[in-house]
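J.: One structure coming up, written as structure tokens, with questions to follow.
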């Protein structure tokens, strides 16, 4: 899988998570997606910058209020740091999905 394809796939999983969480009658693929995101969120909670990472996920992927550039003002980091935080999230997702 190409790098760009992996990133798009992982972002899609994060965008779909809130919808799948409330949906009934999930198929096995949807159940696996929920499990992956739940595991990533559990991994993030163990990190020292967990608050910033969780805010970024909520504002960009779950609530879809901000872009990565715009969220930097909400979590009080530079735009470059917001991209670095997103990279941490994507690396955790990549490990959980075994896309390395």
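Numbering (our numbering), first residue to last: 21 to 120. In this text, a Cβ means the ideal position worked out from N, Cα and C, and glycines have one as well. On a predicted model such as this, the values are computed, not experimentally measured, just so you know.
1. Between which residues of its own chain and residue 50 is the CB-CB distance below 6 Å, once the five residues before and five after are set aside?
2. For residue 79 versus residue 106, is the C-beta spacing smaller than 8 Å?
3. With DSSP run on the structure shown, which of helix, strand or coil describes residue 83?
4. Suppose you measure from the CA of residue 32 to the CA of residue 68; what does that come to, to the nearest Å?
5. DSSP state of residue 94, grouped into three classes?
T.: In this structure, then:
1. The residues are 40.
2. No, Cβ-Cβ distance for residue 79 and residue 106 is not below 8 Å.
3. In the structure shown, residue 83 sits in coil (DSSP, three-state: anything other than H, G, I, E or B).
4. Rounded to whole angstroms, the gap between the alpha carbons of residue 32 and residue 68 is 26 Å.
5. Note: residue 94 maps to coil in three-state DSSP.
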